[in-house]
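Participant: The structure that follows is given in the form of C-alpha coordinates.
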Amino acid sequence: MIALGLLTASACCHAAWNLLLKRSGLGGPAFVWLCGLFTLPVSIVLLVRGSLTPAWWAGVVSMALHTTYAVTLQKAYALGEFSTVYPISRGTAPALVAIAAMPPHPQVYVGAALVLTGVLILDPPRSQRRSVALGLAVAGCTAAYTLWDAFAVESLQVDLLSYLAVANVAQIVVLSTIVRDVRGAVRHWRAAVPIAVLMPASYGLVLLALSFASVGTVAVGRTLNVVLGALLGAVVLRERPRVAGLVVVVAGVLLVSV
(Lines of atoms letter the chains of each structure in order from A and count residues from 1; the text may use other names and numbers.)
(Lines give C-alpha, C1' and ligand atoms only; values in the text may rest on other atoms or scores of the structure.)
Protein backbone atom coordinates (compact mmCIF):
# COMPACT_ATOMS: atom_id res chain seq x y z
CA MET A 1 0.00 0.00 0.00
CA ILE A 2 2.88 2.36 0.75
CA ALA A 3 4.39 1.73 -2.69
CA LEU A 4 0.99 2.29 -4.35
CA GLY A 5 0.54 5.61 -2.55
CA LEU A 6 4.02 6.74 -3.56
CA LEU A 7 3.44 5.73 -7.18
CA THR A 8 0.08 7.52 -7.29
CA ALA A 9 1.68 10.72 -6.05
CA SER A 10 4.51 10.23 -8.53
CA ALA A 11 2.05 9.73 -11.40
CA CYS A 12 0.31 13.02 -10.59
CA CYS A 13 3.60 14.93 -10.45
CA HIS A 14 4.88 13.28 -13.63
CA ALA A 15 1.76 13.88 -15.72
CA ALA A 16 1.66 17.49 -14.50
CA TRP A 17 5.23 18.40 -15.46
CA ASN A 18 4.89 16.66 -18.82
CA LEU A 19 1.76 18.68 -19.54
CA LEU A 20 3.53 21.90 -18.55
CA LEU A 21 6.46 20.99 -20.80
CA LYS A 22 4.17 20.34 -23.75
CA ARG A 23 2.24 23.59 -23.24
CA SER A 24 5.43 25.65 -22.88
CA GLY A 25 6.66 24.66 -26.32
CA LEU A 26 10.23 24.82 -25.00
CA GLY A 27 12.92 22.20 -25.36
CA GLY A 28 16.52 21.28 -25.97
CA PRO A 29 19.53 20.93 -23.67
CA ALA A 30 19.26 24.60 -22.62
CA PHE A 31 15.85 24.09 -21.01
CA VAL A 32 16.99 20.86 -19.31
CA TRP A 33 19.97 22.80 -17.96
CA LEU A 34 17.72 25.61 -16.71
CA CYS A 35 15.39 23.21 -14.88
CA GLY A 36 18.34 21.52 -13.21
CA LEU A 37 19.83 24.84 -12.23
CA PHE A 38 16.96 25.61 -9.86
CA THR A 39 17.65 22.49 -7.81
CA LEU A 40 21.44 22.90 -7.84
CA PRO A 41 21.69 24.64 -4.42
CA VAL A 42 19.72 21.83 -2.78
CA SER A 43 21.90 19.24 -4.53
CA ILE A 44 25.09 20.89 -3.29
CA VAL A 45 23.78 20.94 0.29
CA LEU A 46 22.84 17.26 0.03
CA LEU A 47 26.30 16.38 -1.25
CA VAL A 48 28.00 18.31 1.55
CA ARG A 49 25.82 16.79 4.28
CA GLY A 50 25.25 13.38 2.70
CA SER A 51 27.29 10.24 2.64
CA LEU A 52 28.96 9.66 -0.71
CA THR A 53 29.84 6.01 -1.19
CA PRO A 54 32.30 4.50 -3.69
CA ALA A 55 29.25 4.03 -5.91
CA TRP A 56 28.92 7.78 -6.58
CA TRP A 57 29.70 7.06 -10.23
CA ALA A 58 26.29 5.37 -10.51
CA GLY A 59 24.69 8.80 -10.27
CA VAL A 60 26.73 9.95 -13.29
CA VAL A 61 25.43 7.01 -15.33
CA SER A 62 21.90 7.85 -14.23
CA MET A 63 22.47 11.46 -15.29
CA ALA A 64 23.45 10.40 -18.82
CA LEU A 65 20.33 8.25 -19.19
CA HIS A 66 17.98 10.89 -17.73
CA THR A 67 19.44 13.69 -19.85
CA THR A 68 19.03 11.67 -23.04
CA TYR A 69 15.47 10.92 -21.97
CA ALA A 70 14.63 14.58 -21.31
CA VAL A 71 15.99 15.90 -24.61
CA THR A 72 14.30 13.12 -26.61
CA LEU A 73 10.99 13.71 -24.83
CA GLN A 74 11.03 17.41 -25.65
CA LYS A 75 11.67 16.64 -29.31
CA ALA A 76 8.75 14.18 -29.34
CA TYR A 77 6.38 16.77 -27.87
CA ALA A 78 7.50 19.30 -30.48
CA LEU A 79 6.39 16.92 -33.25
CA GLY A 80 3.32 15.18 -31.83
CA GLU A 81 0.24 15.48 -29.65
CA PHE A 82 0.49 15.01 -25.90
CA SER A 83 -2.21 12.33 -25.90
CA THR A 84 -0.15 10.29 -28.38
CA VAL A 85 3.42 10.79 -27.18
CA TYR A 86 2.74 10.50 -23.46
CA PRO A 87 0.81 7.19 -23.50
CA ILE A 88 3.32 5.60 -25.89
CA SER A 89 6.36 6.65 -23.88
CA ARG A 90 4.82 5.80 -20.50
CA GLY A 91 2.90 2.72 -21.57
CA THR A 92 5.69 0.96 -23.45
CA ALA A 93 8.40 1.51 -20.85
CA PRO A 94 6.91 -0.78 -18.16
CA ALA A 95 6.60 -3.60 -20.69
CA LEU A 96 10.28 -3.20 -21.60
CA VAL A 97 11.25 -3.20 -17.91
CA ALA A 98 9.15 -6.28 -17.20
CA ILE A 99 10.64 -8.16 -20.16
CA ALA A 100 14.17 -7.29 -19.04
CA ALA A 101 13.57 -7.96 -15.34
CA MET A 102 11.47 -11.13 -15.58
CA PRO A 103 12.31 -14.67 -16.81
CA PRO A 104 11.15 -15.44 -20.38
CA HIS A 105 7.53 -16.63 -20.44
CA PRO A 106 4.92 -16.81 -23.22
CA GLN A 107 2.66 -14.45 -21.27
CA VAL A 108 5.40 -11.81 -21.30
CA TYR A 109 5.68 -11.95 -25.08
CA VAL A 110 1.91 -11.85 -25.55
CA GLY A 111 1.74 -8.77 -23.34
CA ALA A 112 4.57 -7.12 -25.28
CA ALA A 113 2.73 -7.87 -28.53
CA LEU A 114 -0.40 -6.22 -27.12
CA VAL A 115 1.58 -3.11 -26.21
CA LEU A 116 2.93 -2.92 -29.76
CA THR A 117 -0.58 -3.45 -31.14
CA GLY A 118 -1.92 -0.65 -28.96
CA VAL A 119 0.80 1.68 -30.24
CA LEU A 120 -0.18 0.83 -33.82
CA ILE A 121 -3.87 1.46 -33.05
CA LEU A 122 -2.97 4.95 -31.82
CA ASP A 123 -1.80 5.59 -35.42
CA PRO A 124 -1.41 9.39 -35.54
CA PRO A 125 -1.53 11.45 -38.76
CA ARG A 126 1.41 10.99 -41.12
CA SER A 127 2.80 14.39 -40.12
CA GLN A 128 3.15 13.17 -36.51
CA ARG A 129 4.41 9.63 -37.06
CA ARG A 130 7.97 10.60 -36.27
CA SER A 131 6.72 11.48 -32.81
CA VAL A 132 5.69 7.84 -32.34
CA ALA A 133 9.26 6.70 -33.04
CA LEU A 134 10.57 9.30 -30.62
CA GLY A 135 7.97 8.23 -28.05
CA LEU A 136 9.27 4.67 -28.31
CA ALA A 137 12.83 5.99 -27.94
CA VAL A 138 11.73 7.81 -24.78
CA ALA A 139 10.29 4.52 -23.51
CA GLY A 140 13.65 2.86 -24.15
CA CYS A 141 15.42 5.57 -22.15
CA THR A 142 12.87 5.23 -19.35
CA ALA A 143 13.34 1.47 -19.18
CA ALA A 144 17.12 1.89 -19.14
CA TYR A 145 17.20 4.40 -16.29
CA THR A 146 14.55 2.48 -14.32
CA LEU A 147 16.62 -0.71 -14.44
CA TRP A 148 19.85 1.15 -13.70
CA ASP A 149 18.43 3.12 -10.78
CA ALA A 150 16.86 -0.05 -9.35
CA PHE A 151 20.29 -1.69 -9.53
CA ALA A 152 21.87 1.31 -7.80
CA VAL A 153 19.29 1.32 -5.00
CA GLU A 154 19.03 -2.44 -4.46
CA SER A 155 22.52 -3.76 -5.27
CA LEU A 156 24.87 -0.82 -4.79
CA GLN A 157 22.77 0.48 -1.86
CA VAL A 158 23.40 4.11 -2.72
CA ASP A 159 22.22 6.86 -0.43
CA LEU A 160 19.07 8.02 -2.24
CA LEU A 161 19.40 11.78 -1.73
CA SER A 162 23.12 11.83 -2.47
CA TYR A 163 22.50 9.72 -5.58
CA LEU A 164 19.95 12.23 -6.93
CA ALA A 165 22.26 15.11 -6.02
CA VAL A 166 25.22 13.61 -7.89
CA ALA A 167 23.06 13.11 -10.97
CA ASN A 168 21.81 16.70 -10.89
CA VAL A 169 25.22 18.31 -10.35
CA ALA A 170 26.75 16.14 -13.09
CA GLN A 171 23.97 17.17 -15.47
CA ILE A 172 24.58 20.88 -14.82
CA VAL A 173 28.33 20.46 -15.34
CA VAL A 174 27.94 18.56 -18.61
CA LEU A 175 25.19 20.78 -20.09
CA SER A 176 27.07 23.95 -19.11
CA THR A 177 29.64 23.01 -21.76
CA ILE A 178 26.86 22.86 -24.38
CA VAL A 179 24.58 25.79 -23.56
CA ARG A 180 25.77 28.96 -25.28
CA ASP A 181 22.85 31.38 -25.01
CA VAL A 182 22.56 31.57 -21.22
CA ARG A 183 20.51 34.78 -21.24
CA GLY A 184 18.08 33.31 -23.75
CA ALA A 185 17.62 30.22 -21.59
CA VAL A 186 17.16 32.15 -18.35
CA ARG A 187 14.32 34.18 -19.90
CA HIS A 188 12.13 31.08 -19.60
CA TRP A 189 12.61 30.72 -15.84
CA ARG A 190 8.89 31.06 -15.08
CA ALA A 191 8.11 28.01 -17.21
CA ALA A 192 11.04 26.11 -15.74
CA VAL A 193 10.30 26.57 -12.02
CA PRO A 194 7.26 24.24 -11.66
CA ILE A 195 8.88 21.63 -13.92
CA ALA A 196 12.10 21.85 -11.91
CA VAL A 197 10.11 21.07 -8.75
CA LEU A 198 7.78 18.38 -10.11
CA MET A 199 10.34 16.46 -12.16
CA PRO A 200 12.70 15.41 -9.33
CA ALA A 201 9.72 14.99 -6.99
CA SER A 202 8.06 12.51 -9.36
CA TYR A 203 11.17 10.39 -9.79
CA GLY A 204 12.30 10.67 -6.20
CA LEU A 205 8.97 9.09 -5.23
CA VAL A 206 9.63 6.26 -7.70
CA LEU A 207 13.06 5.58 -6.21
CA LEU A 208 11.51 5.60 -2.74
CA ALA A 209 8.86 3.13 -3.93
CA LEU A 210 11.68 0.79 -5.01
CA SER A 211 12.51 0.47 -1.31
CA PHE A 212 9.08 -1.09 -0.71
CA ALA A 213 8.43 -3.07 -3.91
CA SER A 214 10.22 -4.86 -6.75
CA VAL A 215 11.24 -3.09 -9.94
CA GLY A 216 8.59 -5.04 -11.89
CA THR A 217 5.83 -3.97 -9.51
CA VAL A 218 6.97 -0.35 -9.62
CA ALA A 219 7.06 -0.43 -13.43
CA VAL A 220 3.46 -1.68 -13.52
CA GLY A 221 2.34 0.93 -11.01
CA ARG A 222 3.63 3.62 -13.32
CA THR A 223 0.94 2.72 -15.89
CA LEU A 224 -1.21 5.13 -13.85
CA ASN A 225 0.61 7.82 -15.81
CA VAL A 226 -0.94 6.60 -19.07
CA VAL A 227 -4.49 7.13 -17.81
CA LEU A 228 -3.69 10.54 -16.31
CA GLY A 229 -1.91 11.64 -19.46
CA ALA A 230 -4.85 10.70 -21.67
CA LEU A 231 -7.27 12.56 -19.40
CA LEU A 232 -5.13 15.69 -19.29
CA GLY A 233 -4.66 15.66 -23.05
CA ALA A 234 -8.42 15.46 -23.57
CA VAL A 235 -9.52 17.93 -20.88
CA VAL A 236 -6.75 20.54 -20.92
CA LEU A 237 -5.43 20.42 -24.49
CA ARG A 238 -8.74 19.45 -26.14
CA GLU A 239 -7.09 16.54 -27.92
CA ARG A 240 -8.91 13.35 -28.87
CA PRO A 241 -6.96 10.37 -27.55
CA ARG A 242 -7.59 7.03 -29.23
CA VAL A 243 -9.12 5.18 -26.29
CA ALA A 244 -8.95 1.74 -27.93
CA GLY A 245 -5.20 2.03 -28.37
CA LEU A 246 -4.71 3.17 -24.78
CA VAL A 247 -6.78 0.28 -23.44
CA VAL A 248 -4.74 -2.26 -25.42
CA VAL A 249 -1.44 -0.73 -24.26
CA VAL A 250 -2.46 -0.85 -20.59
CA ALA A 251 -3.83 -4.42 -20.98
CA GLY A 252 -0.51 -5.51 -22.47
CA VAL A 253 1.49 -3.97 -19.64
CA LEU A 254 -0.71 -5.62 -17.01
CA LEU A 255 -0.47 -9.00 -18.76
CA VAL A 256 3.33 -8.75 -18.87
CA SER A 257 3.48 -7.98 -15.19
CA VAL A 258 0.91 -10.34 -13.64
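Following full-length UniProt numbering, the numbering of the sequence shown begins with 1 at its first residue and continues without gaps.
All residues carry an ideal CB built from backbone N, CA and C; glycine is no exception.
Owing to the predicted nature of the structure, the values given are computational and were not obtained by experimental measurement.
Where does GLY27 fall in DSSP's three states?
Facilitator: Coil.
Participant: Pick helix, strand or coil for LEU46, following the three-state DSSP scheme.
Facilitator: It is helical.
Participant: Evaluate LEU41 with the Cβ neighbour count: other Cβ atoms within 10 Å of its Cβ, from every protein chain shown; 16 or more gives buried, anything less gives exposed.
Facilitator: It should be pointed out that residue 41 corresponds to Pro in this sequence rather than to Leu. When all chains shown are included, PRO41 counts as exposed.
Participant: From what residue to what residue does the alpha helix (DSSP H) around ALA144 run?
Facilitator: Counting along the chain, the alpha helix (DSSP H) containing ALA144 begins and ends at 129-154.
Participant: Hey, VAL218 and ALA209: beta-carbon distance below 8 Å or not?
Facilitator: Yes, the pair counts as a contact, with Cβ atoms nearer than the cut-off.
Participant: Under the three-state reduction of DSSP, which class applies to HIS105: helix, strand or coil?
Facilitator: Residue state, collapsed to three classes: coil.
Participant: For a test of the three-state rule: what should DSSP assign to ARG190, helix, strand or coil?
Facilitator: DSSP places ARG190 in helix when its eight states are reduced to three.
Participant: Does the structure place the region 75-88 close enough to the region 154-161 that three or more beta carbon pairs sit under 8 Å?
Facilitator: No: fewer than three Cβ pairs fall under 8 Å.
Participant: What did DSSP end up calling VAL236 once you bin it into helix, strand or coil?
Facilitator: Reduced to three states, the DSSP call for VAL236 is coil.
Participant: By how many angstroms is the C-alpha of LEU156 removed from the C-alpha of GLY59?
Facilitator: Cα to Cα, GLY59 sits roughly 11 Å from LEU156.
Participant: Do you know offhand how far SER131's Cα is from ILE88's?
Facilitator: Answer to the nearest angstrom: the Cα atoms are 10 Å apart.
Participant: Verify the CB distance criterion: does HIS105 have a CB-CB separation below 8 Å to chain D?
Facilitator: Here chain D cannot be found, since the structure has a single protein chain.
Participant: Do you know offhand how far GLN74's Cα is from LEU26's?
Facilitator: Whole-angstrom Cα-Cα distance: 7 Å.
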